[in-house]
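> Numbering (the working numbering), first residue to last: 31 to 102. Note that CB positions come from ideal geometry on N, CA and C, so glycine has one too. Owing to the predicted nature of the structure, the values given are computational and were not obtained by experimental measurement. Structure provided below as structure tokens; questions to follow.
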């Protein structure tokens with residue numbers, strides 16, 4: 031979901047405000063896997079997408095997803 035940029039969601043500002051309440055930050059990307067906040071690209075949550083991918087720990091989060099999501 032794009033909150034900023036060329037085609038932002040019309041509710042982008044409201045979504046960012048909700049993010050602040052849930053995860054304590056409004057910066058994007060805010061990446062969730064199976065409903066769990068894993069962080070941004072490089073930080074936050076469980077460490078962020080790139081660090082989790084490099085360490086191999088991203089797989090344990092993806093295992094929580096349905097088989098259809100894991101294929102995507």
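Could you check the C-alpha separation between residue 48 and residue 82 for me, to the nearest Å?
Cα to Cα, residue 48 sits roughly 25 Å from residue 82.
> May I ask which residues mark the beginning and end of the alpha helix (DSSP H) holding residue 36?
No alpha helix (DSSP H) contains residue 36, which DSSP labels as neither H nor E.
> According to DSSP, simplified to helix, strand and coil, what is residue 66?
Reduced to three states, the DSSP call for residue 66 is strand.
> Taking all protein chains shown into account, decide if residue 60 is buried (16 or more other Cβ within 10 angstroms of its Cβ) or exposed.
With 16 or more Cβ atoms within 10 Å of its Cβ, residue 60 is classed as buried.
> Between which two residues does the alpha helix (DSSP H) carrying residue 52 extend?
Run containing residue 52: 42–53, per the alpha helix (DSSP H) assignment.
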